[in-house]
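Colleague:
There are 2 protein chains.
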Amino acid sequence: MQALRTAAALFYAKGVRAVGMEEIVETSGIAKTTIYRHFPTKDALVEAFLKQEDAEFWQQWDAAVASASSADAVLDALGDWIGARVERPGYRGCPQINVAAEFADPGHPARIVARRHKAEMLRRLEAICQSVGAKPTAQVAMQLALLIDGAFMSDGRLSMGDAAATLKAAFRRLTSPDRL
Amino acid sequence: MQALRTAAALFYAKGVRAVGMEEIVETSGIAKTTIYRHFPTKDALVEAFLKQEDAEFWQQWDAAVASASSADAVLDALGDWIGARVERPGYRGCPQINVAAEFADPGHPARIVARRHKAEMLRRLEAICQSVGAKPTAQVAMQLALLIDGAFMSDGRLSMGDAAATLKAAFRRLTSPDRL
DNA sequence: AAAAAACGATACCGATCGGTAGCGTGTTTG
DNA sequence: CAAACACGCTACCGATCGGTATCGTTTTTT
Chain F
41 MQALRTAAAL FYAKGVRAVG MEEIVETSGI AKTTIYRHFP TKDALVEAFL KQEDAEFWQQ
101 WDAAVASASS ADAVLDALGD WIGARVERPG YRGCPQINVA AEFADPGHPA RIVARRHKAE
161 MLRRLEAICQ SVGAKPTAQV AMQLALLIDG AFMSDGRLSM GDAAATLKAA FRRLTSPDRL
Chain R
41 MQALRTAAAL FYAKGVRAVG MEEIVETSGI AKTTIYRHFP TKDALVEAFL KQEDAEFWQQ
101 WDAAVASASS ADAVLDALGD WIGARVERPG YRGCPQINVA AEFADPGHPA RIVARRHKAE
161 MLRRLEAICQ SVGAKPTAQV AMQLALLIDG AFMSDGRLSM GDAAATLKAA FRRLTSPDRL
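Same order as they appear, the protein sequences are chains F and R.
Read in order, the letters of the first sequence are residues 41 to 220 in the working numbering.
Read in order, the letters of the second sequence are residues 41 to 220 in the working numbering.
This is how it looks when you write it as structure tokens:
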């Protein structure tokens, strides 16, 4: 669906509520009727947008981590990847969090996708913390998750320094198995 | 302005774009004419909302930190305060970040307030890192900022464990002046 | 008590919102 | 070749959007 790709780009760049269906029609060249044949409501389109973002996210995550040999190397690779992602021109924060900010209803279909996305991230971070031997596994994983989400929502502040270096240094300190 | 208080509550609970002026009128009992005499546009009202949130935030921050004697005690106090804040019922993330997610234009008056707010936070964290002797001062301050923003936007995930404990442990590890 | 400022109520504005109906044109599938 | 399907186009729907005009009433100030 070319309509979904266009909608996703507009939703991310301008915010979901700021983009009307007509704008998606004009930008994509797809008729409004056709869009509504594939997605019964705008909410469904937003949900599809987040699902697509989720899929691409883990795809890139896996690619970034693929060549890492050790668990520590995985963390470094993640730091590099996230740093580069945040510094990308046009980056405007985590789409899952952005949508959650726009739609207050926790039962909104898109919110459910966002929650699953963040749960999956925590799950993966816990696995990493496990193999790296970080002390209270669950707690350190949560700390890494907070750090990453904070990086996503830093609104360019992080880009002023070396984002990747900042993240990797924090990853190392938080996962180091030394003393209290 | 009672209208601002009502608007602030609605904006935070439902999202700015989800709240119409008419809803503010009905909820506050203030006539629409009166609101527009004090705030020329809705954007101005949103800006005032964030300015008010900013003021209250630092007021509470200062209060939370007031009784701390050492620099380390300041960090612990912040961890406790943020942990309690995030776990509060009806908490829906940092209003500054939420508004930034809703309004893509970086020049929006509310976005400027949000940027100043985050710059002020980084400034304060740098001062704390300075007095606690954290190694690359600016970098550690940024790491603390990311952690805090991540906590704000954790959407309840953090509340499932002990939020304050998770934050304080991370604060300690990130600011500890030891090796590497 | 008089003048000035603030407020409330109603009615309205054009624009846009998400969503639908109807109809014609291709394009695939059998 | 024919039947089914997918798409585009136009026009339209009621509702709501942010914002304004008008006017009478209340409250404050002097």
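Quick reminder that beta carbons are idealized off the backbone N, C-alpha and C, glycines included.
What you are looking at is a predicted structure, and each value in this text was computed from that prediction instead of being measured.
How many angstroms separate the CA atom of F:Gln-136 from the CA atom of R:Thr-177?
Modeller: Taking the first sequence and counting its residues from 1, the one referred to as residue 136 of chain F is at position 96. Taking the second sequence and counting its residues from 1, the one referred to as residue 177 of chain R is at position 137. Spanning the two alpha carbons is a distance of roughly 31 Å.
Colleague: Distance cutoff 9 Å, beta carbons only. Does F:Ala-141 sit that close to anything in chain R?
Modeller: For the purposes of this step, residue 141 of chain F is taken as the residue at position 101 of the first sequence. So yes, F:Ala-141 belongs to the interface.
Colleague: Contact between the stretch 189-208 of chain R and the stretch 179-197 of chain F is defined here as three or more beta-carbon pairs at a separation below 8 Å; is this criterion met?
Modeller: Yes, since at least three Cβ pairs between the stretch 189-208 of chain R and the stretch 179-197 of chain F fall closer than 8 Å, the two stretches touch.
Colleague: Could you check the C-alpha separation between F:Arg-219 and F:Phe-211 for me, to the nearest Å?
Modeller: As a first step, residue 219 of chain F is located in the first sequence; it is residue number 179 there, counting from the start. As a first step, residue 211 of chain F is located in the first sequence; it is residue number 171 there, counting from the start. Note that F:Arg-219 scores 47 on pLDDT, short of 50, meaning its location in the model is unreliable and no value can be drawn from it.
Colleague: Of all the residues that make up the stretch 53-72 of chain F, which are near chain R by a beta-carbon distance shorter than 7 Å?
Modeller: Answer in chain order: Ala-53, Lys-54, Gly-55, Arg-57, Ala-58.
Colleague: Determine, for R:Leu-220, whether the minimum Cβ-Cβ distance to residues of chain F falls below 9 Å.
Modeller: As a working note, residue 220 of chain R is residue 180 in the second sequence. Note on R:Leu-220: pLDDT 45, under 50, position unreliable in the model; no value is reported.
Colleague: In whole angstroms, what is the alpha-carbon distance linking F:Ile-64 and F:Val-139?
Modeller: What you label residue 64 of chain F is simply residue 24 of the first sequence in a count that begins at 1. What you label residue 139 of chain F is simply residue 99 of the first sequence in a count that begins at 1. Cα to Cα, the separation comes out at about 17 Å.
Colleague: What would DSSP say about R:Gly-190, mapped onto helix, strand or coil?
Modeller: Along the second sequence, read from residue 1 onward, the residue named residue 190 of chain R stands at position 150. It is helical.
Colleague: For F:Ile-152, count the other beta carbons within 10 Å of its own beta carbon; 16 or more makes it buried, fewer makes it exposed. Which is it?
Modeller: As a position in the first sequence, residue 152 of chain F is number 112, starting the count at 1. Classification for F:Ile-152: exposed.
Colleague: Run through chain F and tell me which residues come within less than 7 Å of R:Thr-206, C-beta to C-beta.
Modeller: Numbered from its first residue, the second sequence carries residue 206 of chain R at position 166. In chain order: Gln-179, Met-182, Gln-183.
Colleague: Helix, strand or coil, according to DSSP, for R:Ala-178 in the structure here?
Modeller: Sequence index remark: in the second sequence, residue 178 of chain R carries index 138 (1-based). Residue state, collapsed to three classes: helix.
Colleague: Taking C-beta pairs closer than 7 Å, name the residues in chain F that R:Met-193 reaches, listed in chain order.
Modeller: Looking up residue 193 of chain R in the second sequence gives position 153. Within 7 Å Cβ-Cβ: Ile-137, Asp-189, Met-193.
Colleague: Comparing C-alpha positions only, which one of F:Ser-110, F:Ala-48, F:Pro-217, F:Ser-194 sits nearest to F:Asp-83?
Modeller: By 1-based counting over the first sequence, the position of residue 83 of chain F is 43. The shortest Cα separation from F:Asp-83 among F:Ser-110, F:Ala-48, F:Pro-217, F:Ser-194 belongs to F:Ala-48.
Colleague: Mind listing which residues of the stretch 95-128 of chain R have their C-beta closer than 8 Å to chain F's C-betas, in chain order?
Modeller: Flagged: no residues at all.
Colleague: Am I right that F:Ala-43 and F:Ile-70 are in contact with their C-beta atoms under 8 Å? What's the rounded C-beta distance?
Modeller: One-based indexing of the first sequence puts residue 43 of chain F at position 3. One-based indexing of the first sequence puts residue 70 of chain F at position 30. So it is a contact: roughly 4 Å between Cβ atoms.
Colleague: Any contact between the stretch 80-96 of chain R and the stretch 119-128 of chain R? By contact I mean 3 or more CB pairs, one from each, below 8 Å.
Modeller: Touching, no.
Colleague: According to the Cβ coordinates, are F:Asp-197 and R:Ala-191 closer than 9 Å?
Modeller: One-based indexing of the first sequence puts residue 197 of chain F at position 157. One-based indexing of the second sequence puts residue 191 of chain R at position 151. In the sequence as displayed, the identity of residue 197 of chain F is Arg instead of Asp. No, they are not a contact pair.
Colleague: How would you list, in chain order, the residues of chain R whose beta-carbon sits under 8 Å from the beta-carbon of F:Leu-198?
Modeller: Counting from 1 along the first sequence, the entry for residue 198 of chain F is found at position 158. Within chain R, the residues near F:Leu-198 are Met-182, Leu-186.
Colleague: Which whole-angstrom value is the C-beta distance of R:Val-114 and R:Val-105, which I expect to be below 8 Å?
Modeller: Reading the second sequence from its first residue, position 74 is the one you call residue 114 of chain R. Reading the second sequence from its first residue, position 65 is the one you call residue 105 of chain R. R:Val-114 to R:Val-105, Cβ: 5 Å. Contact.
Colleague: Let me know the secondary structure DSSP gives R:Phe-226 once reduced to three states.
Modeller: Any answer about residue 226 of chain R is impossible in this case: the structure gives chain R only from 41 up to 220.
Colleague: Can you list, in chain order, the residues of its chain with a C-beta nearer than 7 Å to that of R:Ala-88? Leave out the 5 residues immediately preceding and following it.
Modeller: Translated into the one-based positions of the second sequence, residue 88 of chain R becomes position 48. If we look at R:Ala-88 and ignore the five residues flanking it on each side, its Cβ neighbours are Leu-44, Phe-79.
Colleague: Check this for me: beta carbons of R:Gly-55 and F:Ala-144, under 9 Å apart or not?
Modeller: The residue labelled residue 55 of chain R in the question sits at position 15 within the second sequence. The residue labelled residue 144 of chain F in the question sits at position 104 within the first sequence. Yes, the Cβ-Cβ distance between R:Gly-55 and F:Ala-144 is below 9 Å.
Colleague: For the alpha helix (DSSP H) containing R:Glu-62, list its first residue and its last residue.
Modeller: Numbered from 1 along the second sequence, position 22 holds the residue referred to as residue 62 of chain R. Element bounds for R:Glu-62: 61-68.
Colleague: Using beta-carbon positions only, say whether R:Arg-57 and R:Glu-142 come within less than 9 Å of one another.
Modeller: The residue you call residue 57 of chain R lines up with position 17 of the second sequence. The residue you call residue 142 of chain R lines up with position 102 of the second sequence. Contact flag set, yes.
Colleague: Looking only at its own chain, which residues have a Cβ that is under 6 Å from the Cβ of R:Thr-67, when we skip the five neighbours before and after it?
Modeller: Residue mapping note: residue 67 of chain R aligns to position 27 of the second sequence, counting from 1. So the qualifying residues of the chain are Thr-46.
Colleague: Just checking: is the beta-carbon of F:Lys-82 within a distance shorter than 9 Å of some beta-carbon in chain R?
Modeller: As a first step, residue 82 of chain F is located in the first sequence; it is residue number 42 there, counting from the start. It does not: the Cβ of F:Lys-82 has no partner Cβ on chain R nearer than 9 Å.
Colleague: To which residues of the same chain is R:Lys-72 closer than 7 Å at the C-beta, ignoring the five residues directly before and after it?
Modeller: To locate residue 72 of chain R, count along the second sequence from 1; it is residue 32. Cβ within range, chain order: Met-61, Val-65.
Colleague: Taking the alpha-carbon of F:Ser-194 as reference, which of R:Met-41, R:Ala-209, R:His-157, R:Asp-102 has the nearest alpha-carbon?
Modeller: To locate residue 194 of chain F, count along the first sequence from 1; it is residue 154. Nearest C-alpha to F:Ser-194: R:His-157.
Colleague: Whole angstroms is fine: what's the gap from R:Leu-162's alpha carbon to F:Pro-146's?
Modeller: The residue labelled residue 162 of chain R in the question sits at position 122 within the second sequence. The residue labelled residue 146 of chain F in the question sits at position 106 within the first sequence. Spanning the two alpha carbons is a distance of roughly 30 Å.
Colleague: Shorter than 9 Å from the beta carbon of F:Ala-47 to some beta carbon of chain R?
Modeller: Position 7 of the first sequence holds residue 47 of chain F. So, not an interface residue.
Colleague: What's the C-alpha gap between R:Glu-155 and R:Leu-187?
Modeller: Working through the second sequence from its first residue, we reach residue 155 of chain R at position 115. Working through the second sequence from its first residue, we reach residue 187 of chain R at position 147. It is Arg, not Glu, that sits at residue 155 of chain R in the sequence shown. So the alpha carbons of these two residues sit roughly 17 Å apart.
Colleague: Check the Cβ-Cβ distances between R:Leu-162 and every residue of chain F, and say whether any is below 9 Å.
Modeller: By 1-based counting over the second sequence, the position of residue 162 of chain R is 122. Output row for R:Leu-162: interface = yes.
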